[in-house]
Amino acid sequence: MLRCCTMSRGGGRVAMITQQSWMFLRSFAELRGGTDGLLRTITLDALAHLGAGAFDEISGEVVQNAMFILVQQQPGPEHRLNAIRLVGLKSPQEKARVLPEVAIMAGEEVQR
Numbered sequence: 015m016l017r018c019c020t021m022s023r024g025g026g027r028v029a030m031i032t033q034q035s036w037m038f039l040r041s042f043a044e045l046r047g048g049t050d051g052l053l054r055t056i057t058l059d060a061l062a063h064l065g066a067g068a069f070d071e072i073s074g075e076v077v078q079n080a081m082f083i084l085v086q087q088q089p090g091p092e093h094r095l096n097a098i099r100l101v102g103l104k105s106p107q108e109k110a111r112v113l114p115e116v117a118i119m120a121g122e123e124v125q126r
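Here it is in structure tokens:
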């Protein structure tokens, strides 16, 4: 995550799909919000907590994912995060169907 952010310009966006562990594990606390933490210096613009079953190619409950968009700028006081939790949906098809609907409700244009 940090490496991708260093490769983007000011105001640039980085979109990633990663394991969800950075959101919850104590070992990532400094990354999330420490003194120089990622979320103090870069804006988390959108987040979809996908959980298990996000991809047909990955079976089982072991790999749990999150996808997000970071903006290379400090979050402003009025910033609002667009987020959704899709861990209750079990198939990749269900998750893929819901994501564009959520993006449209958040005011983003989505090409289908």
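For the sequence shown, the working numbering assigns the number 15 to the initial residue and increments by one for each residue that follows.
Built from N, CA and C at the ideal position, the CB exists for glycine as well.
Computed from a prediction, not measured in an experiment: that's the story for all the values here.
Residue interval of the beta strand (DSSP E) (run including residue i)
i          : result
leucine 61 : 57-65
Three-state class that DSSP yields for residue i in the structure shown
i             : result
alanine 68    : coil
arginine 99   : strand
glutamate 115 : helix
glutamate 108 : helix
serine 35     : helix
arginine 54   : helix
arginine 23   : coil
arginine 40   : helix
Range covered by the alpha helix (DSSP H) that runs through residue i
i           : result
arginine 46 : 43-47
arginine 17 : 16-20
DSSP beta-bridge partners of residue i
i                : result
phenylalanine 82 : Met30, Leu61
Which listed residue (the options) has its alpha carbon closest to that of residue i
i            : options                      : result
proline 85   : Leu95, Val77, Asn79, Gln78   : It should be pointed out that residue 85 corresponds to valine in this sequence rather than to proline. The shortest C-alpha separation from valine 85 is found at Leu95.
alanine 29   : Ser41, Leu16, Leu39          : Leu16
threonine 55 : Leu64, His63, Leu45          : Leu45
glycine 90   : Arg23, Ser105, Leu53         : Leu53
glycine 67   : Met21, Glu115, Arg27, Lys109 : Lys109
Any non-hydrogen atom of the ligand NAD within 7 Å of residue i CB
i            : result
aspartate 59 : Ligands in the displayed structure: none, and consequently the ligand NAD is not present.
Assess, as a yes-or-no matter, whether the segment 91-111 is touched by the segment 59-70 under the definition of 3 or more beta carbon pairs within less than 8 Å.
-> yes
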